[in-house]
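Report on the structure given below.
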Amino acid sequence: MVALMQLQGYTTDGFVRTDSFASADIGEAMLDEVVTIVRQADEDDVVPSGIVIAPESQAGWAGEKPEDFISKVFTLHDREEFASFLHDERIAAVLQDLIGPDVDCFLSQFIFKNPGAWGQPWHQDSYYFPFVPARPIVGLWLAITEATLENGCLHVLPGSHQEPVHTHVEDRRPDANLGYVEIVDHDMTDSVAVTMQPGDLLVFDSHLMHRSTDNESNAMRAAMVYHCCAAGTDDLGFADLGGWKNPIHQFMPLLRAGELVD
């Protein structure tokens with residue numbers, strides 16, 4: 003199980019960081035797999051069933067390889083390279099401690115933050131999750147490459163998970179990526195940067211206010227992110243969109259009675 007000190011940190015700050023949680027080889031295998039998906043989709047002009055590929059929206063975006071144009075790839079958690087990470091007994095222990103014995107993974111995304119890509123503004127992930135029950139929802143952010151101040155690491159506001167979901171407004175930058183929103187009614191002065199090395203893991207509450215900054219380096223800053231909730235959670239859909247349910251919310255059983263589901 004998660005150490006008591008770590009759980010206390012999660013309760014107080016809304017996040018727990020574990021260095022060297024996974025070997026760099028695991029992240030490299032994930033990167034290879036998602037690059038293969040993107041390149042095959044580009045070649046065949048057909049996206050694999052269930053996969054959602056989101057491009058960079060910035061005006062004048064350029065690149066040489068298909069993956070150079072991609073922001074995120076969603077709904078990977080039922081594919082072997084990505085599901086195997088979730089089936090680590092240590093992940094099961096974390097999720098059982100923070101959510102309970104019956105857990106689903108409902109969202110996964112591989113993030114390509116290519117050189118020049120903008121960061122994502124301050125937000126709370128629960129803004130995107132119109133669920134009942136609304137909590138607990140736990141995010142797992144695995145560093146695939148190093149995350150630095152230069153290439154756009156995460157910044158988090160400790161303790162902000164105790165806030166309700168704040169008003170989010172549409173990202174005010176022209177040509178911002180689809181779905182980017184931002185919090186503009188809260189003081190982020192006490193935020194901290196979370197620099198990471200490949201294989202480091204950040205576990206965080208879905209109400210935690212966080213952002214990433216622009217990638218001003220010459221290399222990709224990649225990450226794999228999962229979100230998990232209690233089994234039986236109901237996706238109500240977005241009321242302002244007539245109850246539309248986001249297709250990237252795909253609920254997959256992960257734990258039942260504290261045991262991993264094959």
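For the sequence shown, this note's numbering begins at 3 and goes up steadily by one.
We put the CB at the ideal spot given by N, CA and C, even for glycine.
All values derive from a computational prediction rather than experimental measurement.
- Bridge pairing for E261: R258 [DSSP].
- As summarised for the stretch 60 to 104, the continuous beta strand (DSSP E) elements at least 3 residues long and confined to that stretch are 72 to 76, given in chain order.
- Distance between H157 and G201, taken at the CA atoms: about 18 Å.
- In the displayed model, T20 falls within a strand according to three-state DSSP.
- Straight-line spacing of the CA atoms in D189 and V48 works out to 44 Å.
- Every unbroken stretch of the beta strand (DSSP E) spanning 3 or more residues and falling wholly within the stretch 119 to 184 is given here in chain order: 139 to 145, 156 to 158 and 170 to 172.
- In chain order, L262 place their CB closer than 7 Å to the CB of H89, counting only its own chain and leaving out the 5 sequence neighbours on each side.
- Checking the DSSP bridge columns, you'll see H212 partnered with H125 and V158.
- By the Cβ test, the stretch 29 to 37 is not in contact with the stretch 171 to 184, since fewer than three Cβ pairs between them sit closer than 8 Å.
- For M198, the three-state secondary structure derived from DSSP is strand.
- Secondary structure at I39: helix, using DSSP grouped into helix, strand and coil.
- With a 10 Å radius around the Cβ and a threshold of 16 neighbouring Cβ atoms, V205 comes out buried.
- E35 and W124 have their C-alpha atoms roughly 30 Å apart.
- Taking the C-beta atoms as reference points, L159 is found nearer than 8 Å to M211.
- If you look at A232, you'll find it in the beta strand (DSSP E) that goes R223 to A232.
- Counting the other CB atoms within 10 Å of its CB gives K67 a total below 16, which places it among the exposed residues.
- Using a Cβ-Cβ distance cut-off of 8 Å, the stretch 242 to 252 and the stretch 134 to 145 are not in contact, since fewer than three pairs of beta carbons, one from each stretch, lie closer than that value.
- With a cutoff of 8 Å on beta-carbon distance, P57 and I39 are scored as not near each other.
- With respect to the 8 Å criterion, N179 and N116 are not classified as neighbours on the basis of their beta carbons.
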